[in-house]
Amino acid sequence: MYARGFSFKNFRNFKEEQTLSLRAKPAAKERLTWNAFKTGRKDVPHILKAAAIYGANASGKSNVIRALQVMQQCVLTNTVALPPPFQPEAFAFDETSKYEEMSFSVRFIKEEHFYTYEFSVKNHQVAHEALSLKKERKILLFERTKNDADNSYDYKFGSSLQGQKKSWSSMTRADSLFLGTAAAFNSFQLMPVVEWFADNLLIINAFSRANNLYTIRALEQKRLKKQTLIRFLASAGIDIKDIQIEKEARPGKNISMNPNAMRDDGEILDIGHISFVHQFNGKAWPMSLTDESRGTQHLVELAGPIIDVMKKDATLIVDDIEANLHPILIEKLVQSFFEEADQRNGAQLIFTTNCDALIDNNTNDPDNPLLRRDQIWFVNKNRDKASNLYVLSDFPIRKNENVRNAYLNGTFDGIPFIEAINVKG
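The sequence shown begins at 1 in full-length UniProt numbering and counts up by one.
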(Lines of atoms letter the chains of each structure in order from A and count residues from 1; the text may use other names and numbers.)
(Lines give C-alpha, C1' and ligand atoms only; values in the text may rest on other atoms or scores of the structure.)
Protein backbone atom coordinates (compact mmCIF):
# COMPACT_ATOMS: atom_id res chain seq x y z
CA MET A 1 0.00 0.00 0.00
CA TYR A 2 2.71 2.43 -0.92
CA ALA A 3 3.13 5.48 -3.11
CA ARG A 4 4.84 5.25 -6.49
CA GLY A 5 5.02 8.95 -7.20
CA PHE A 6 3.31 12.30 -7.32
CA SER A 7 3.10 15.04 -9.96
CA PHE A 8 1.71 18.56 -9.88
CA LYS A 9 1.73 21.68 -12.05
CA ASN A 10 1.02 25.39 -11.65
CA PHE A 11 0.89 25.22 -7.86
CA ARG A 12 2.25 28.06 -5.72
CA ASN A 13 5.92 28.59 -6.63
CA PHE A 14 5.98 25.67 -9.12
CA LYS A 15 4.96 26.71 -12.63
CA GLU A 16 5.91 23.73 -14.78
CA GLU A 17 4.98 20.14 -14.02
CA GLN A 18 7.08 18.54 -11.28
CA THR A 19 7.33 14.85 -10.42
CA LEU A 20 8.56 13.17 -7.26
CA SER A 21 9.15 9.57 -8.30
CA LEU A 22 9.61 6.70 -5.85
CA ARG A 23 10.45 4.19 -8.54
CA ALA A 24 13.97 2.86 -7.96
CA LYS A 25 16.24 3.59 -10.91
CA PRO A 26 17.81 0.38 -12.25
CA ALA A 27 21.18 2.06 -12.80
CA ALA A 28 21.54 2.81 -9.09
CA LYS A 29 22.56 -0.47 -7.42
CA GLU A 30 23.54 0.63 -3.91
CA ARG A 31 21.48 -0.81 -1.04
CA LEU A 32 18.61 -1.76 -3.33
CA THR A 33 17.51 -4.77 -1.27
CA TRP A 34 17.28 -2.64 1.89
CA ASN A 35 16.07 0.70 0.55
CA ALA A 36 13.31 -0.53 -1.77
CA PHE A 37 10.30 -2.82 -1.88
CA LYS A 38 10.00 -5.66 -4.35
CA THR A 39 6.80 -5.34 -6.38
CA GLY A 40 6.98 -8.63 -8.25
CA ARG A 41 6.46 -6.77 -11.54
CA LYS A 42 8.79 -6.43 -14.49
CA ASP A 43 7.66 -2.92 -15.45
CA VAL A 44 8.30 -1.44 -11.97
CA PRO A 45 10.36 -4.01 -10.03
CA HIS A 46 11.26 -1.83 -7.03
CA ILE A 47 9.64 1.07 -5.15
CA LEU A 48 11.76 3.16 -2.78
CA LYS A 49 11.03 3.13 0.95
CA ALA A 50 12.10 6.74 1.56
CA ALA A 51 12.89 10.04 -0.11
CA ALA A 52 14.54 13.20 1.23
CA ILE A 53 13.87 16.65 -0.22
CA TYR A 54 16.51 19.37 0.20
CA GLY A 55 16.33 23.05 -0.63
CA ALA A 56 17.20 26.52 0.56
CA ASN A 57 14.80 28.48 2.72
CA ALA A 58 11.90 29.80 0.60
CA SER A 59 12.88 27.51 -2.29
CA GLY A 60 9.53 25.73 -2.12
CA LYS A 61 10.39 22.30 -0.73
CA SER A 62 7.53 22.55 1.77
CA ASN A 63 5.15 23.25 -1.12
CA VAL A 64 5.95 19.84 -2.64
CA ILE A 65 4.34 18.34 0.46
CA ARG A 66 1.62 20.97 0.49
CA ALA A 67 0.61 20.11 -3.08
CA LEU A 68 0.00 16.48 -2.13
CA GLN A 69 -1.80 17.62 1.02
CA VAL A 70 -4.14 19.84 -1.02
CA MET A 71 -4.89 16.88 -3.27
CA GLN A 72 -5.60 14.74 -0.19
CA GLN A 73 -7.96 17.36 1.21
CA CYS A 74 -9.83 17.67 -2.09
CA VAL A 75 -10.42 13.92 -2.07
CA LEU A 76 -11.40 13.67 1.59
CA THR A 77 -13.77 16.64 1.48
CA ASN A 78 -14.94 15.92 -2.09
CA THR A 79 -14.47 19.49 -3.26
CA VAL A 80 -11.78 21.50 -5.05
CA ALA A 81 -13.22 24.76 -3.66
CA LEU A 82 -11.38 24.42 -0.38
CA PRO A 83 -11.06 27.29 2.08
CA PRO A 84 -7.59 28.54 3.08
CA PRO A 85 -5.05 27.24 3.92
CA PHE A 86 -5.81 24.28 1.63
CA GLN A 87 -7.27 26.24 -1.26
CA PRO A 88 -5.37 25.43 -4.48
CA GLU A 89 -3.25 28.43 -5.46
CA ALA A 90 -1.74 28.91 -8.90
CA PHE A 91 1.77 30.21 -9.66
CA ALA A 92 1.71 33.92 -8.81
CA PHE A 93 4.68 35.49 -10.61
CA ASP A 94 3.30 35.92 -14.13
CA GLU A 95 0.13 37.28 -15.72
CA THR A 96 -1.24 34.04 -17.19
CA SER A 97 -0.86 31.17 -14.71
CA LYS A 98 -3.85 32.22 -12.59
CA TYR A 99 -6.06 31.61 -15.64
CA GLU A 100 -4.56 28.18 -16.34
CA GLU A 101 -5.26 24.77 -14.85
CA MET A 102 -3.58 23.45 -11.72
CA SER A 103 -3.05 19.71 -11.96
CA PHE A 104 -2.39 16.97 -9.42
CA SER A 105 -1.63 13.30 -10.04
CA VAL A 106 -0.71 10.46 -7.69
CA ARG A 107 0.37 6.89 -8.38
CA PHE A 108 0.19 4.22 -5.71
CA ILE A 109 -0.06 0.47 -5.20
CA LYS A 110 -2.89 -1.04 -3.20
CA GLU A 111 -3.82 -4.72 -3.14
CA GLU A 112 -1.50 -5.43 -6.11
CA HIS A 113 -3.24 -2.84 -8.27
CA PHE A 114 -1.24 0.07 -9.68
CA TYR A 115 -3.56 3.09 -9.44
CA THR A 116 -3.16 6.43 -11.20
CA TYR A 117 -5.55 9.15 -10.09
CA GLU A 118 -5.43 12.71 -11.39
CA PHE A 119 -7.46 15.86 -11.59
CA SER A 120 -6.98 19.48 -12.61
CA VAL A 121 -8.60 22.63 -11.26
CA LYS A 122 -9.52 25.91 -12.94
CA ASN A 123 -11.60 28.71 -11.40
CA HIS A 124 -12.43 26.51 -8.38
CA GLN A 125 -13.97 23.88 -10.64
CA VAL A 126 -12.80 20.50 -11.88
CA ALA A 127 -11.44 20.80 -15.42
CA HIS A 128 -10.41 17.16 -15.80
CA GLU A 129 -10.44 14.00 -13.68
CA ALA A 130 -9.41 10.43 -14.43
CA LEU A 131 -8.69 7.14 -12.68
CA SER A 132 -6.99 4.08 -14.11
CA LEU A 133 -5.50 0.91 -12.66
CA LYS A 134 -3.01 -1.60 -13.90
CA LYS A 135 -2.46 -5.18 -12.91
CA GLU A 136 -1.75 -7.14 -16.06
CA ARG A 137 -2.71 -4.24 -18.32
CA LYS A 138 -3.84 -0.64 -17.92
CA ILE A 139 -7.60 -0.21 -17.50
CA LEU A 140 -9.43 3.11 -17.55
CA LEU A 141 -12.12 3.26 -14.88
CA PHE A 142 -13.39 6.73 -15.68
CA GLU A 143 -12.44 10.02 -17.27
CA ARG A 144 -14.25 13.33 -16.94
CA THR A 145 -13.55 16.46 -18.98
CA LYS A 146 -15.20 19.86 -18.75
CA ASN A 147 -16.73 21.31 -21.90
CA ASP A 148 -16.07 25.05 -21.64
CA ALA A 149 -18.63 25.88 -24.32
CA ASP A 150 -21.60 25.03 -22.12
CA ASN A 151 -19.94 24.16 -18.74
CA SER A 152 -21.06 20.54 -19.08
CA TYR A 153 -18.92 17.45 -18.58
CA ASP A 154 -18.08 14.66 -20.98
CA TYR A 155 -17.68 11.28 -19.25
CA LYS A 156 -15.90 8.19 -20.47
CA PHE A 157 -16.38 5.00 -18.44
CA GLY A 158 -14.35 1.82 -18.68
CA SER A 159 -16.30 -1.37 -19.25
CA SER A 160 -15.05 -2.78 -15.93
CA LEU A 161 -16.52 0.02 -13.79
CA GLN A 162 -19.74 -1.19 -12.22
CA GLY A 163 -22.55 0.71 -10.53
CA GLN A 164 -24.88 3.64 -11.17
CA LYS A 165 -22.46 5.63 -13.31
CA LYS A 166 -25.04 7.95 -14.88
CA SER A 167 -26.60 8.66 -11.52
CA TRP A 168 -23.22 9.38 -9.92
CA SER A 169 -22.21 11.72 -12.74
CA SER A 170 -25.49 13.64 -12.54
CA MET A 171 -24.95 14.20 -8.80
CA THR A 172 -21.35 15.39 -9.20
CA ARG A 173 -21.09 19.17 -8.95
CA ALA A 174 -18.59 21.21 -10.93
CA ASP A 175 -16.56 21.87 -7.78
CA SER A 176 -16.63 18.25 -6.56
CA LEU A 177 -14.89 15.07 -7.64
CA PHE A 178 -16.59 12.16 -9.35
CA LEU A 179 -14.34 9.88 -7.29
CA GLY A 180 -15.73 11.17 -4.00
CA THR A 181 -19.31 11.24 -5.16
CA ALA A 182 -19.26 7.66 -6.43
CA ALA A 183 -17.42 6.42 -3.33
CA ALA A 184 -20.01 8.15 -1.11
CA PHE A 185 -22.66 6.07 -2.88
CA ASN A 186 -20.78 2.84 -2.18
CA SER A 187 -18.78 2.25 -5.34
CA PHE A 188 -16.72 -0.72 -4.16
CA GLN A 189 -14.20 -0.19 -6.98
CA LEU A 190 -13.53 3.48 -6.20
CA MET A 191 -13.63 3.28 -2.41
CA PRO A 192 -10.06 1.84 -2.14
CA VAL A 193 -8.70 5.04 -3.71
CA VAL A 194 -10.44 7.27 -1.16
CA GLU A 195 -9.35 4.89 1.61
CA TRP A 196 -5.73 5.20 0.50
CA PHE A 197 -5.86 8.98 0.90
CA ALA A 198 -7.62 8.64 4.27
CA ASP A 199 -5.80 5.70 5.87
CA ASN A 200 -2.49 5.22 4.08
CA LEU A 201 -1.23 8.78 3.65
CA LEU A 202 -0.26 10.70 6.80
CA ILE A 203 1.12 14.23 6.39
CA ILE A 204 2.77 16.28 9.12
CA ASN A 205 3.54 19.91 8.34
CA ALA A 206 2.62 23.44 9.41
CA PHE A 207 -1.03 22.80 8.58
CA SER A 208 -1.27 19.39 10.24
CA ARG A 209 1.11 19.54 13.15
CA ALA A 210 2.41 16.59 15.09
CA ASN A 211 1.39 16.62 18.73
CA ASN A 212 1.73 14.23 21.62
CA LEU A 213 -2.06 13.80 21.81
CA TYR A 214 -1.85 11.53 18.78
CA THR A 215 0.62 9.32 20.63
CA ILE A 216 -1.50 9.46 23.80
CA ARG A 217 -4.62 8.39 21.91
CA ALA A 218 -2.69 5.56 20.26
CA LEU A 219 -1.62 4.34 23.71
CA GLU A 220 -5.16 4.62 25.11
CA GLN A 221 -6.70 2.82 22.13
CA LYS A 222 -4.01 0.13 22.35
CA ARG A 223 -2.88 0.83 18.78
CA LEU A 224 0.43 1.55 20.46
CA LYS A 225 1.69 -0.58 23.34
CA LYS A 226 3.51 1.22 26.13
CA GLN A 227 6.50 -1.11 25.94
CA THR A 228 6.75 -0.51 22.18
CA LEU A 229 7.02 3.23 22.79
CA ILE A 230 9.57 2.70 25.57
CA ARG A 231 11.70 0.54 23.27
CA PHE A 232 11.34 3.13 20.49
CA LEU A 233 12.57 5.90 22.79
CA ALA A 234 15.33 3.72 24.23
CA SER A 235 16.65 3.09 20.71
CA ALA A 236 16.89 6.89 20.38
CA GLY A 237 18.95 7.14 23.57
CA ILE A 238 16.11 8.13 25.93
CA ASP A 239 16.30 5.77 28.89
CA ILE A 240 13.06 5.59 30.87
CA LYS A 241 11.51 2.94 33.10
CA ASP A 242 7.82 3.64 32.58
CA ILE A 243 5.28 6.01 31.03
CA GLN A 244 2.38 7.49 32.98
CA ILE A 245 -0.69 9.17 31.51
CA GLU A 246 -2.81 11.49 33.60
CA LYS A 247 -6.14 12.82 32.33
CA GLU A 248 -7.72 16.22 32.64
CA ALA A 249 -11.19 17.17 31.40
CA ARG A 250 -11.23 20.49 29.55
CA PRO A 251 -12.56 22.09 26.33
CA GLY A 252 -10.46 21.08 23.39
CA LYS A 253 -10.21 20.02 19.79
CA ASN A 254 -10.86 16.65 18.27
CA ILE A 255 -7.51 15.15 17.40
CA SER A 256 -6.84 13.46 14.07
CA MET A 257 -4.04 13.13 11.56
CA ASN A 258 -6.55 14.48 9.05
CA PRO A 259 -6.49 18.24 9.63
CA ASN A 260 -9.97 18.57 8.16
CA ALA A 261 -11.28 16.57 11.15
CA MET A 262 -9.74 18.92 13.70
CA ARG A 263 -12.55 21.25 14.70
CA ASP A 264 -12.96 23.48 17.71
CA ASP A 265 -16.44 22.34 18.72
CA GLY A 266 -16.29 23.22 22.41
CA GLU A 267 -16.54 19.55 23.39
CA ILE A 268 -15.17 18.60 26.80
CA LEU A 269 -12.35 16.16 26.16
CA ASP A 270 -10.25 14.02 28.45
CA ILE A 271 -6.82 15.43 27.71
CA GLY A 272 -3.91 13.17 28.55
CA HIS A 273 -0.58 14.32 29.96
CA ILE A 274 2.49 12.12 29.58
CA SER A 275 5.09 11.72 32.31
CA PHE A 276 8.31 9.73 31.94
CA VAL A 277 9.47 7.69 34.92
CA HIS A 278 13.27 7.81 35.20
CA GLN A 279 15.22 5.41 37.40
CA PHE A 280 18.02 6.94 39.49
CA ASN A 281 19.70 5.75 42.71
CA GLY A 282 17.15 2.97 43.08
CA LYS A 283 14.22 5.36 43.02
CA ALA A 284 11.58 6.19 40.40
CA TRP A 285 11.44 9.87 39.36
CA PRO A 286 8.39 10.94 37.31
CA MET A 287 8.95 13.93 35.05
CA SER A 288 6.31 15.63 32.92
CA LEU A 289 6.94 15.53 29.18
CA THR A 290 6.76 19.34 29.17
CA ASP A 291 9.89 19.34 31.33
CA GLU A 292 11.80 17.13 28.94
CA SER A 293 13.92 18.58 26.12
CA ARG A 294 12.17 19.87 23.01
CA GLY A 295 13.91 17.15 21.03
CA THR A 296 12.40 14.48 23.29
CA GLN A 297 8.97 16.10 22.96
CA HIS A 298 9.27 16.16 19.17
CA LEU A 299 10.31 12.51 19.15
CA VAL A 300 7.23 11.56 21.20
CA GLU A 301 5.09 13.56 18.76
CA LEU A 302 6.55 11.55 15.86
CA ALA A 303 6.48 8.20 17.66
CA GLY A 304 2.73 7.61 17.31
CA PRO A 305 2.58 8.38 13.58
CA ILE A 306 5.77 6.43 12.81
CA ILE A 307 4.66 3.29 14.66
CA ASP A 308 1.16 3.64 13.21
CA VAL A 309 2.31 3.83 9.59
CA MET A 310 4.61 0.88 10.12
CA LYS A 311 1.69 -1.22 11.37
CA LYS A 312 -0.51 -0.08 8.47
CA ASP A 313 2.17 -0.24 5.74
CA ALA A 314 1.33 3.39 5.07
CA THR A 315 3.20 6.45 3.81
CA LEU A 316 4.33 9.13 6.27
CA ILE A 317 5.30 12.56 4.96
CA VAL A 318 7.04 14.99 7.32
CA ASP A 319 8.04 18.57 6.63
CA ASP A 320 11.20 19.71 8.43
CA ILE A 321 11.85 16.36 10.10
CA GLU A 322 15.00 17.51 11.89
CA ALA A 323 13.31 20.07 14.15
CA ASN A 324 15.16 19.80 17.50
CA LEU A 325 16.58 16.37 16.61
CA HIS A 326 20.25 15.41 16.42
CA PRO A 327 21.44 14.36 12.92
CA ILE A 328 22.39 10.89 14.17
CA LEU A 329 18.87 10.45 15.56
CA ILE A 330 17.36 11.50 12.22
CA GLU A 331 19.56 8.89 10.57
CA LYS A 332 18.26 6.25 12.99
CA LEU A 333 14.65 7.23 12.23
CA VAL A 334 15.26 6.89 8.50
CA GLN A 335 17.05 3.59 9.02
CA SER A 336 14.03 2.23 10.90
CA PHE A 337 12.15 2.22 7.58
CA PHE A 338 14.91 0.01 6.09
CA GLU A 339 14.92 -2.68 8.77
CA GLU A 340 14.13 -5.67 6.58
CA ALA A 341 15.57 -6.62 3.20
CA ASP A 342 13.60 -7.70 0.14
CA GLN A 343 10.21 -6.66 1.50
CA ARG A 344 7.02 -6.84 -0.55
CA ASN A 345 5.15 -4.49 1.78
CA GLY A 346 6.00 -1.92 4.40
CA ALA A 347 5.98 1.74 5.39
CA GLN A 348 7.42 4.68 3.50
CA LEU A 349 8.93 7.95 4.71
CA ILE A 350 9.12 11.13 2.64
CA PHE A 351 10.55 14.20 4.33
CA THR A 352 12.01 17.64 3.78
CA THR A 353 15.24 18.49 5.53
CA ASN A 354 18.34 20.66 5.59
CA CYS A 355 20.34 17.97 7.41
CA ASP A 356 23.27 17.50 5.04
CA ALA A 357 24.66 14.75 7.31
CA LEU A 358 22.24 12.31 5.65
CA ILE A 359 23.83 12.79 2.23
CA ASP A 360 26.38 10.11 1.34
CA ASN A 361 26.54 9.10 4.98
CA ASN A 362 25.91 5.99 7.07
CA THR A 363 27.63 5.89 10.43
CA ASN A 364 26.97 2.16 10.84
CA ASP A 365 28.38 1.19 7.45
CA PRO A 366 30.44 3.95 5.79
CA ASP A 367 30.78 1.94 2.56
CA ASN A 368 27.00 1.96 2.06
CA PRO A 369 25.31 5.37 2.12
CA LEU A 370 22.12 5.75 4.09
CA LEU A 371 20.18 7.02 1.07
CA ARG A 372 20.53 5.97 -2.54
CA ARG A 373 21.07 8.76 -5.04
CA ASP A 374 17.56 8.30 -6.44
CA GLN A 375 16.23 8.99 -2.92
CA ILE A 376 17.78 12.46 -2.62
CA TRP A 377 15.82 15.31 -4.20
CA PHE A 378 16.49 19.02 -4.48
CA VAL A 379 14.29 22.08 -4.94
CA ASN A 380 15.80 25.18 -6.49
CA LYS A 381 14.21 28.50 -7.43
CA ASN A 382 15.28 30.11 -10.69
CA ARG A 383 15.47 33.79 -11.64
CA ASP A 384 11.81 33.81 -12.70
CA LYS A 385 10.85 32.80 -9.13
CA ALA A 386 9.68 29.42 -10.40
CA SER A 387 10.96 26.37 -8.52
CA ASN A 388 12.07 23.03 -9.93
CA LEU A 389 12.29 19.59 -8.34
CA TYR A 390 15.04 17.22 -9.44
CA VAL A 391 16.88 14.13 -8.21
CA LEU A 392 20.55 13.56 -7.38
CA SER A 393 20.79 10.48 -9.61
CA ASP A 394 20.33 12.71 -12.68
CA PHE A 395 23.77 14.23 -12.05
CA PRO A 396 26.98 12.60 -13.32
CA ILE A 397 28.93 11.74 -10.19
CA ARG A 398 32.39 10.21 -10.08
CA LYS A 399 32.70 6.92 -8.20
CA ASN A 400 34.72 8.28 -5.27
CA GLU A 401 33.28 11.81 -5.23
CA ASN A 402 32.23 13.17 -1.83
CA VAL A 403 28.59 13.93 -2.55
CA ARG A 404 28.02 15.82 0.69
CA ASN A 405 30.88 18.23 -0.01
CA ALA A 406 29.67 18.68 -3.58
CA TYR A 407 26.21 19.57 -2.27
CA LEU A 408 27.58 22.09 0.23
CA ASN A 409 29.71 23.63 -2.53
CA GLY A 410 26.59 24.22 -4.63
CA THR A 411 27.17 21.57 -7.30
CA PHE A 412 23.51 20.51 -7.21
CA ASP A 413 22.10 23.92 -6.19
CA GLY A 414 19.34 23.58 -3.58
CA ILE A 415 21.34 25.62 -1.05
CA PRO A 416 21.20 29.30 -0.08
CA PHE A 417 23.86 31.70 -1.36
CA ILE A 418 24.17 34.24 1.45
CA GLU A 419 26.33 37.30 1.65
CA ALA A 420 27.42 38.71 4.99
CA ILE A 421 24.32 39.24 7.09
CA ASN A 422 23.73 42.90 7.80
CA VAL A 423 22.33 43.44 11.29
CA LYS A 424 23.17 47.14 11.53
CA GLY A 425 20.41 48.38 9.22
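Here a beta-carbon is modelled for each residue, glycine too, at the ideal position from N, C-alpha and C.
For residue i, the residue or residues it bridges with in DSSP
i	result
residue 242	277
residue 334	Looking at the DSSP assignment, residue 334 forms no beta bridge with any residue, so it has no partner.
residue 103	9, 120
residue 286	277
residue 25	Answer is none; residue 25 lacks a bridge partner.
residue 113	110
residue 134	114, 138
Other residues of its chain near residue i: CB distance less than 6 angstroms, five sequence neighbours each side excluded
i	result
residue 160	139
residue 116	107, 132
residue 16	none
residue 205	65, 319
residue 93	385
residue 317	65, 203, 350
residue 78	176, 177, 180
Alpha-carbon spacing of residue i relative to residue j, whole angstroms
i	j	result
residue 429	residue 75	Any property of residue 429 remains undetermined from this structure, which presents the chain solely from 1 to 425.
residue 97	residue 13	11 angstroms
residue 64	residue 183	27 angstroms
residue 381	residue 52	18 angstroms
residue 209	residue 217	15 angstroms
residue 402	residue 361	10 angstroms
residue 33	residue 342	5 angstroms
residue 461	residue 144	The first residue shown for the chain is 1 and the last is 425, placing residue 461 beyond what the model contains.
residue 48	residue 283	46 angstroms
residue 168	residue 180	10 angstroms
residue 186	residue 68	25 angstroms
residue 276	residue 326	20 angstroms
residue 190	residue 142	10 angstroms
residue 88	residue 151	20 angstroms
residue 207	residue 302	15 angstroms
residue 280	residue 241	10 angstroms
residue 234	residue 227	10 angstroms
Sequence-distant residues of its chain with Cβ nearer than 8 angstroms to residue i (five each side left out)
i	result
residue 330	321, 322, 353, 355, 357, 358
residue 194	75, 76, 179, 180, 183
Where the beta strand (DSSP E) through residue i begins and ends
i	result
residue 53	50 to 55
residue 316	315 to 318
residue 350	348 to 352
residue 36	36 to 38
residue 144	138 to 147
residue 20	18 to 21
Terminal residues of the alpha helix (DSSP H) in which residue i lies
i	result
residue 229	226 to 235
residue 81	Looking at the DSSP string, residue 81 is not in any alpha helix (DSSP H), and its letter there is neither H nor E.
Residues near residue i by beta carbon distance below 7 angstroms, same chain, minus five either side
i	result
residue 119	104, 126, 128, 129, 177
residue 112	135
residue 260	Since pLDDT at residue 260 reaches only 41, below the 50 mark, its modelled position is unreliable, and the value read off the structure follows with that caveat. Closer than 7 angstroms at Cβ, skipping near neighbours: 73, 76, 77.
Runs of beta strand (DSSP E) lying entirely within the region 382 to 417, each at least 3 residues, in chain order: Fully enclosed beta strand (DSSP E) runs of 3 or longer: 387 to 391.
Only counting runs of 3 or more residues, tell me where the beta strand (DSSP E) segments fall wholly within the region 154 to 210, in order along the chain. 201 to 204
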